[in-house]
Amino acid sequence: MRRPLWLCFLLLAGSGELAADQQDSPIEDARSRQELLEAGMQIYRHGIVSSGEDISAKVRGDVALRGSQYACVNCHRRSGIGSSEGGDQIPPIIGPVLFSPQVSGLHEWYTTEGMRRDARPAYTTETLGRALRHGIDPAGRTLSPLMPRFALTDVEVRALSTYLASLTVVTPPGIDKEEIHFATITAPGSKAAGDATRVVLDTFFRMKNAGTRNENRRAQNAPIHKEWSYQSYRRWKLHEWKLIGPEQSWPAQLLAYYRSQPVFAVLGGTGSGNWQGVHAFCEQQELPCILPNIASPPSQADRDFYSVYFSRGVELEAEVLAGLLAETPTVIQVRRDTADARAAAGALRTKLAKIQAATAIEDIVVPEGGTLSSDDWSSLAAKQRNAIWVLWLDGDDLKTLATADAGQPAAIYLSATLLGDTAASLQHPLRQRFTLLSPHLPPENAKNARRFLAWARIRDLPVSDLHIQSATFLAATITGEALMHMRGNFSQEYFLERIEHSMESMINPSLYPRLSLAPGQRFAAKGCYVWEMGKDFASAQWVVP
């Protein structure tokens, strides 16, 4: 949800080097610099002051405000490079900009046109405190009445000043003058999906690098700003991080890969099982992870920053299904003993309990390496007549159901996330009784994917999994878009902010029908199709829980 513009700091910013008097603030404090940085980060990112309470302020003279939603990050963003709200620009407040003199002219941080700025002296800790508390800038001008006047102590101003001075644009790991390094992650149990992902990325990188060579030649003859305008053009280099063994060992493997060759971002990725270790690694290393194709992302991802996902996968399907089954007396879940299926079944139980549904749930677990015979299915049908079946299974598991006496279950729900690319075309004697839950369109109904298919056909790229490959193409494309608009400001936080900004406006070549991101949103696809497979797909419902 967009936040009102008046919630933002409207500090006037400039450009240049860090002012010397930033280091010599008259506000004395016995805390160490690290303690000040931590305290300043809490104010900036979370709106929490030293007492542990939410930040408080007044706006328009006497309207009292309190709450973490008024933290600086909501408008100036994690990077400190600012944002836009409608036609208005929120200026950068990173150290080299805020604590330096500003001259009149255009600010070239955001758009080709830039933004108008007025001259002012460099901010110091003291004048920053005056601006925050009273809305007066270093030149003595009154700032916009929409800017909140914050109730901050001297120590809190010093902490915030110290944190803002630490925000800068430096060359992050994984980038040198010639190359930008990326990784893609392949976890166990997903060789086919990993191969499908890699062929797209290899082709995309090869074509991207061919274009980069041409842009570098153009840069040599650029009439103005040639160094600034073309400094984003570098060769892209891809590294595959293959994970092996149990999930508990993945973070150590990732750290070894990262130490061997740091990367700017993780691009795509596939895997079955618990992705939490990968997610936590990227948060700890402050490493962007862009749109991996996985069935069960960590549910807390919206509270974190560095990983963005296509959808909540099986958890999204389970939440939609819970709404449909709230009045159902009996539900039988049949699942394999895998992390993804356990996550799906657990999510359905949790969601039904949350809405206080009086539903009896029975779980049938297929052990690893085991199968359900047609007799097993028949026995299940005889035991629970007219129950709802929810099958967290793949296509092979449904083969024995085709020859079973399945009785008369009220409905049979399937997961497109677990069934994979062939879910929509599944031919089965019970198809008329199947209802498919899917966060994305079936391949046969996805007009968006024509762009990817044309790109693949021209390059003789084999399409083995349209869903995963078109999604990977989108991830690579939006990465290129974000880097192009960064103009060499290689902040990984700014990179993610550009991803957010571009998601809704870019041409979508994937099977996901609607994609959008925003601050505090880390899942781009918010809804799920509910398709009774005995009917045409046009009858499917799109449900956003």
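Quick note on the working numbering: the sequence shown kicks off at 232 and runs consecutively. Even glycine gets a Cβ: it sits at the ideal position worked out from N, Cα and C.
- Rounded to whole angstroms, the separation of the alpha carbons of Ala633 and Leu661 is 7 Å.
- For Asn617, the secondary structure class from DSSP, reduced to helix, strand or coil, is coil.
- The straight-line gap separating the alpha-carbon atoms of Trp472 and Ala418 is approximately 8 Å.
- Beta-carbon to beta-carbon, Leu363 and Ile416 are separated by about 42 Å, too far to satisfy the 8 Å threshold.
- Remark: C-beta atoms of Ser646 and Glu735 do not approach each other more closely than 8 Å.
- According to the DSSP secondary-structure assignment, His412 is paired through a beta bridge with Lys468.
- In this structure, Ala655 sits near Leu667, with a CB-CB distance shorter than 8 Å.
- Residue pairing for Trp608: DSSP places it in no beta bridge.
- When the five nearest sequence neighbours on each side are left out, the beta carbons in the same chain lying within less than 6 Å of the beta carbon of Glu550 are those of Lys582, Pro776, in order along the chain.
- The residues Asp285, Ser287, in chain order, have a CB closer than 6 Å to that of Arg297 in the same chain once the five nearest residues on each side in sequence are set aside.
- In the DSSP assignment, Leu622 is bridged to Val565, Leu645.
- Under the three-pair Cβ rule at 8 Å, the stretch 503-523 does not count as touching the stretch 612-632.
- Looking from the CA of Ser722, the closest CA among Asn440, Ser310, Asp696 belongs to Ser310.
- Beta-bridge annotation (DSSP): Lys289 is paired with Ala295, Arg380.
- Rounded to the nearest whole angstrom, the CA to CA distance from Met378 to Asp368 is 12 Å.
- Taking every protein chain shown into account, the CB of Gln273 has 16 or more other CB atoms within 10 angstroms, so this residue is buried.
- If you draw a straight line from the Cα of Ser503 to the Cα of Ser421, it comes to about 6 Å.
- Per DSSP, Asn679 has no beta bridge partner at all.
- For Leu668, the beta-bridge partners assigned by DSSP are Ser646, Val761.
- Pairing Leu650 with Leu697 gives a Cβ-Cβ distance that is not under 8 Å.
- Closest by C-alpha distance to Gly500, out of Gly554, Ala423, Leu552, is Ala423.
- Residue range 264-272 is occupied by the alpha helix (DSSP H) that includes Leu268.
- For Glu675 and Lys408, the gap between their C-alpha atoms comes out near 44 Å.
- When C-alpha distances from Asn679 are compared across Val304, Ser397, Ser701, the shortest belongs to Ser701.
- The stretch 589-608 makes contact with the stretch 566-576, as at least three CB pairs between them are under 8 Å.
- Closest option to Ile699, judged by alpha-carbon separation, among Ala370, Ala588, Thr653: Thr653.
- In this model, Thr402 and Ile525 are separated by some 30 Å (Cα to Cα).
- Runs of the alpha helix (DSSP H) lying entirely within the stretch 518-599, each at least 4 residues long, are 545-555, 570-585 in chain order.
- In the structure shown, Ala362 falls within a helical segment according to DSSP collapsed to helix, strand and coil.
- Counting the other CB atoms within 10 Å of its CB gives Leu486 a total below 16, which places it among the exposed residues.
- Under the three-state reduction of DSSP output, Ala427 falls in the helix class.
- Taking each of Asp293, Ile406, Pro332 in turn and checking the Cα distance to Ala382, the smallest one comes out for Asp293.
- With respect to the 8 Å criterion, Phe436 and Trp467 are classified as neighbours on the basis of their beta carbons.
- For Thr703, the CB contacts under 6 Å within the same chain, skipping 5 residues up- and downstream, are Thr428, Val431, Gly499 in chain order.
- Apart from sequence neighbours up to five positions away, the residues of its chain that approach Thr434 with a beta-carbon distance below 7 Å are Arg690, Leu692, ordered along the chain.
- Within the model, the alpha-carbon separation for Tyr464 versus Asn739 is close to 24 Å.
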